[in-house]
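Chemist:
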Ligand code: TMP
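Residue numbers (this note's numbering): 195 to 413.
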């Protein structure tokens, strides 16, 4: 596979969407072919599965875990693998770690959750997983919450620690980035981590993110 697969993970409200947009813009400007996608909901079927998951009423935890896995199986097979095989860069919002942390940990379903996702994806492992790390703040979560966010809000400290524990197991494949800083500072660290991981994968170099420059290039 000639492409590059980078995933963003972290608790709710840590700024994944903003940083994904920044990275995509930066890499596009550098001439790379970029696919930005998400789980759940990165395909047409995935949008329907996401609605089923976010369903207002109770969803049995094992059913919920299987809906995430179904979304993932279809998404990886029909969108992510083809983009990687074509040599593109795939930037993805959430992946298997979210299932391990939320369903396996916060919902108490344990280790089988990871095995189900590995089967669903035929063991597709990202080149790099960026964990945006931040102390959970009640006010950050005090917005319109969907069912999943509402039900997992009380576990945010546990969720944060579970992402850090996953990253500690495989430091070469994870970048833990302090997300409690300015967007520019976080973006600079994200770009540096991606550049290092792309170089390790034998891909051409990526320029550094311009930090703190005014639009016209004056400091
Ligand atoms: P999002 O708002 O970041 O797209 O994520 C939606 C919610 O789904 C978020 O609270 C995390 C949760 N989630 C899981 O519980 N398991 C998963 O496998 C994924 C991908 C997301």
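Cβ atoms here follow ideal geometry from the backbone N, Cα and C, with glycine treated the same way.
It should be emphasised that the depicted structure is a prediction, and the values quoted were computed from it without experimental measurement.
Quick one: what's got a C-beta closer than 7 Å to residue 330's C-beta in the same chain, skipping five residues either side?
Modeler: 205, 350, 351 and 354
Chemist: Looking at residue 268: is its Cβ nearer than 8 Å to the Cβ of residue 240?
Modeler: yes
Chemist: Give me the residue from 207, 272 and 365 with the minimum Cα distance to residue 316.
Modeler: 272
Chemist: Pull up the CB-CB distance for residue 288 and residue 233, whole angstroms please, since I reckon it's below 8 Å.
Modeler: The distance from the Cβ of residue 288 to that of residue 233 is about 5 Å, consistent with a contact at the 8 Å cut-off.
Chemist: Using a threshold of 7 Å, is the CB atom of residue 212 nearer than that to any non-hydrogen atom of the ligand TMP?
Modeler: no
Chemist: Alpha carbon to alpha carbon, how far is residue 348 from residue 386? Give it in angstroms, no decimals.
Modeler: Roughly 33 Å separates the two Cα atoms.
Chemist: Using the three-state DSSP reduction, which class does residue 346 fall into: helix, strand or coil?
Modeler: helix
Chemist: In this structure, how does DSSP classify residue 262 when only helix, strand and coil are distinguished?
Modeler: helix
Chemist: Looking at the ligand TMP, does it come within less than 7 Å of residue 233, judged from the CB to the closest heavy atom?
Modeler: Correct: residue 233 has its Cβ closer than 7 Å to the ligand TMP.
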